[in-house]
Each structure stands twice: as structure tokens, then as C-alpha cells.
Amino acid sequence: MKKNWWKILAIALLIYTILAGMLLDVPRLSILNETIRNQHFHVTMWFGMIILLTGSMVYAIKYLSSGNLDFDDKSIALANSGILFGVLGLVTGMLWAKYAWGDWWSGDPKQNSAAICLLIYFAYQILRNSLTDEQQRGRISGVFNIFAYAAMIPLLFILPRMTDSLHPGNGGNPGFNFYDLDSKLRVVFYPAVIGWTLLGVWIAELKLRSKRITRALED
Amino acid sequence: MKRVLTITLFLIFNLAAFSQELDSLKTGEKYSITDADYNNDSVEMADFMRSNGKIYVVVGVILIIFTGLIVYTISIDRKISKIEREVFKEKVNS
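Chains E and H, in that order, give the protein sequences. Here the first sequence stands for residues 3 to 221, where the numbers follow this note's numbering. Here the second sequence stands for residues -18 to 75, where the numbers follow this note's numbering.
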């Protein structure tokens, strides 16, 4: 039980996120209206994804420098839950865009680059599954993982800001970003990021442990 | 390893600062939320839903679904722990 304190923390933070995120006062901004509460659910998916994929990249580097397959297992488990968060972020973003922008997909720079970013990671999964030798799979997908991460950062953070994007926080739209977040939103937002990320790590951990059992049974 | 981590973190923070600069370049000046935004009655919000207390029903529904998913996740976690104990104990003995 002592080792599982962070799982309890994740559950507590997420229950707090749902209660406080839905019920506390929020700024009354036009266009956004109540959807500003998506901050604690949609935006946190992307923050969680970036943290999980950073972990995945770090383990890819660790695998490449050591050749220890356990690091490769950790890398793919974190990448899978990161990609799950990314897909959820994209789908919730589309639902929101339908009501805020009038269309599921309006080809906004933020939407397009998020989709490209996910496609790169889908390619990573396909690449992994097409290789059968474990060491070869680990090395090739490890290098791909680092490139995918290096492509994700400009795709999500820089390119959408160089053009006019409709996304809140970009191009003068009423919104929020990491820096000018309102203090009352922050009280929910930061715990929400930690809670969702821990849930992603938990899912990755389950996958990793089942993989370790499979390996132990194979030996 | 530590060096790689330091460089990565440094890059992330730099990029975040850089993108913030791009933001302020683009918009001229940033929109910041003030107290007036909390009391602004001209923007439509879900006040009606809250006045009837119905929003709590939605929050309850979400909480029930969330609890169900978490309970299921915990049960998978326990099941894996059980198998782990069996498999890894077996390996040590053999």
C-alpha cells in the first residue's frame, strides 16, 4: 500500500478537479462562456500528454545508452498512454470547436498541427509493431521516439503561434495560456494537470507490469 | 544521463518562453482576466442550470462514471499484483 500513495493522490486530485472544475466561479468571457471549464479537462489532456511523452523520450534515451529492454518497455508504455491522452484531447477539442467555431474541423493551425503530431506518434506505434527482433525494435523505435518528440514541440507550441489561430490563447482571442492564467483557475488547473498525468502513469504502469509478467513467463 | 535531462528541461523552458514572446508579438498586448470578468452579466453562462440546482445532477453523474472507471482500474491493478506474486515467486523457487 505504501508504494501506491500516488494512485490515491491521483484519485483525490481528480475528484477535486471534477467538483471544483464544475462548480467554482469562472470568469465570464464571451465566446468561451461555460466552456472555459474545459481548461481543467481538455487542456489538461495535452499537458498530460506532453509530460507522458517526455517520460517516454527519456526512457528511449536510457534504453539507447544501456540496451536494457526494461527501459524500452517503460518507453512504449508511457508513449501509449500519452497517445491516448492526445487522442482524447483532439476529440474533446473537436467537440468544443463544433460549438465555438461552428465546425468539427475548421483546419485551424492548432488543430492541424496537433493532428500531424498524433500521426507521427501513430507511425511510431506501427513502426514498433512491424519489427520482430526486440533489440532492433527498441533501437529503431527509440531513435524515432526522439525525433517524434523533437517534431512535437514546434508543432504544438511554435507553429500555431506564428500564424493566426482561433484557439484560445493564440492570436488575441480571449483565453488563457500557461502564463496569464487567472489565479482562481490555477487553483483547479494545476492539481488537474497532476491528477490526469498520474492517471496516465498509472495506466502505463499496468501495461508495463503485464509486459514484465509476459517476459518472465517466456524465459 | 543527468546532463541530457538538464539540456532537455532547459530547451523546454526556453521554447515556452519563446512561444510566449511570439504570443505578445502577435497580439500586441495580452488579455488578462480581471474581477470584472467574474461579475460580467452580459455574457451568458449556465446560471439557469445552477439556479435550479440541476448542475449538481450532472456533477453527480460524472462522479459516478469516474468512480466506476477507477474501481475497475483498481481491480485490474490488484489482479496484476496477484499474478505478479505467483509468477515471480515461482521464478525464484525454480
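Positions of the beta carbon are idealized from the N, C-alpha and C atoms, including for glycine. Only a predicted model underlies this, so the values are computations on that prediction, with no experimental measurement involved.
With 16 as the cutoff for other CB atoms within 10 Å, does residue i come out buried or exposed?
| i | result |
| --- | --- |
| Tyr181 of chain E | Per-residue confidence for Tyr181 of chain E stands at a pLDDT of 46, beneath the threshold of 50, marking its modelled position as unreliable; the derived number appears in the next sentence. With fewer than 16 Cβ atoms within 10 Å of its Cβ, Tyr181 of chain E is classed as exposed. |
| Leu219 of chain E | exposed |
| Lys76 of chain E | buried |
| Gly50 of chain E | buried |
| Ser143 of chain E | buried |
| Val203 of chain E | buried |
| Ala116 of chain E | buried |
| Ser14 of chain E | A small fix is needed here, since residue 14 of chain E is Ala in this sequence, not Ser. Ala14 of chain E comes out exposed. |
| Asn131 of chain E | exposed |
| Thr165 of chain E | exposed |
| Gln41 of chain E | buried |
| Asp(-14) of chain H | Note that residue -14 of chain H is Leu in the sequence shown, not Asp. It counts as exposed. |
| Gly95 of chain E | buried |
| Ile128 of chain E | exposed |
| Leu77 of chain H | With chain H represented from -18 up to 75, any question about residue 77 of chain H goes unanswered, as that position is not in the structure. |
| Leu121 of chain E | exposed |
| Phe69 of chain H | exposed |
| Ser185 of chain E | exposed |
| Ser68 of chain E | exposed |
| Thr48 of chain H | exposed |
| Ile53 of chain E | buried |
Using only alpha-carbon positions, find the residue among the options that is nearest to residue i.
| i | options | result |
| --- | --- | --- |
| Asn147 of chain E | E:Met24, E:Trp7, E:Ala81, E:Lys9 | E:Ala81 |
| Lys209 of chain E | H:Asp22, H:Lys60, H:Gly49 | H:Lys60 |
| Tyr18 of chain E | E:Val195, E:Val93, E:Thr37 | E:Val195 |
| Leu92 of chain E | E:Gln127, E:Thr46, E:Ser58, E:Arg163 | E:Thr46 |
| Asn6 of chain E | H:Lys70, H:Ser62, H:Arg66, H:Val40 | H:Ser62 |
| Val42 of chain H | E:Ile20, E:Tyr101, E:Phe149 | E:Ile20 |
| Gly57 of chain E | E:Leu66, E:His42, E:Ile78, E:Ile38 | E:Ile78 |
| Ala152 of chain E | E:Lys9, E:Ile63, E:His169 | E:Ile63 |
| Ser23 of chain H | E:Pro193, E:Leu129, E:Ser32 | E:Ser32 |
| Leu66 of chain E | E:Ser83, E:Arg141, E:Glu36, E:Gly197 | E:Arg141 |
| Phe124 of chain E | E:Tyr192, E:Gly88, E:Ser68 | E:Gly88 |
| Ser56 of chain H | E:Lys100, E:Ser83, E:Val189, E:Lys9 | E:Lys9 |
| Tyr126 of chain E | E:Ala150, E:Leu55, E:Trp48, E:Trp107 | E:Ala150 |
| Tyr101 of chain E | E:Tyr192, E:Ile38, E:Ser68 | E:Ile38 |
| Met59 of chain E | E:Thr134, E:Val145, E:Trp103, E:Thr216 | E:Val145 |
| Trp107 of chain E | E:Gln137, E:His169, E:Ser83 | E:His169 |
| Leu158 of chain E | E:Leu16, E:Trp48, E:Pro193, E:Phe43 | E:Trp48 |
| Ser167 of chain E | E:Asn35, E:Ile53, E:Glu36, E:Trp103 | E:Trp103 |
| Glu25 of chain H | E:His44, E:Ile52, E:Leu34 | E:Leu34 |
| Glu36 of chain E | E:Tyr192, E:Leu187, E:Asp221 | E:Leu187 |
Measure the alpha-carbon distance for residue i versus residue j and round it to whole angstroms.
| i | j | result |
| --- | --- | --- |
| Gly9 of chain H | Leu201 of chain E | At Gly9 of chain H the pLDDT is 48, less than 50, meaning the model places this residue with poor confidence and gives no usable figure here. |
| Asp105 of chain E | Ile85 of chain E | 24 Å |
| Ala11 of chain E | Ala206 of chain E | Position check: residue 11 of chain E holds Leu in this sequence, whereas Ala was assumed. Distance between the alpha carbons of Leu11 of chain E and Ala206 of chain E is about 16 Å. |
| Ala22 of chain E | Met154 of chain E | 31 Å |
| Cys257 of chain E | Tyr61 of chain E | Residue 257 of chain E is absent from the structure shown; chain E starts at 3 and stops at 221. |
| Arg211 of chain E | Trp98 of chain E | 36 Å |
| Thr54 of chain H | Leu55 of chain E | 22 Å |
| Asp93 of chain H | Gly197 of chain E | Nothing can be reported for residue 93 of chain H, as the shown portion of chain H is limited to -18 through 75. |
| Val2 of chain E | Ile14 of chain H | Given a span of 3 to 221 for chain E in the structure shown, any question on residue 2 of chain E remains unanswerable. |
| Arg66 of chain H | Val52 of chain H | 21 Å |
| Val39 of chain H | Met24 of chain E | 9 Å |
| Ser83 of chain E | Ile45 of chain H | 23 Å |
| Thr216 of chain E | Thr199 of chain E | 26 Å |
| Arg163 of chain E | Lys213 of chain E | 40 Å |
| Glu136 of chain E | Ile36 of chain H | 51 Å |
| Ile64 of chain H | Asp221 of chain E | 16 Å |
| Leu16 of chain E | Phe43 of chain E | 10 Å |
Considering only heavy atoms of the ligand COA, does any lie closer than 8 Å to the CB of residue i?
| i | result |
| --- | --- |
| Trp48 of chain E | Of ligands this structure carries none, so the ligand COA is not represented either. |
Query - Contact the region 96 to 113 of chain E vs the region 60 to 75 of chain E: 3+ CB pairs below 8 Å - result: Output reads no: the region 60 to 75 of chain E does not touch the region 96 to 113 of chain E.
Query raised in the report: Are at least three pairs of beta-carbons, each pair with one atom in the region 25 to 40 of chain E and one in the region 12 to 25 of chain H, less than 8 Å apart?
Result: The region 25 to 40 of chain E vs the region 12 to 25 of chain H: in contact.
Query raised in the report: What runs of the alpha helix (DSSP H), each 4 residues or longer, lie entirely inside the region 14 to 41 of chain E?
Result: If one requires a minimum length of 4 residues, no alpha helix (DSSP H) run lies completely within the region 14 to 41 of chain E.
Requested in this report: Please specify which runs of the beta strand (DSSP E), each continuous and at least 3 residues long, are wholly inside the region 43 to 123 of chain E, giving them in chain order.
Outcome: Within the region 43 to 123 of chain E, complete beta strand (DSSP E) segments of at least 3 residues are not found at all.
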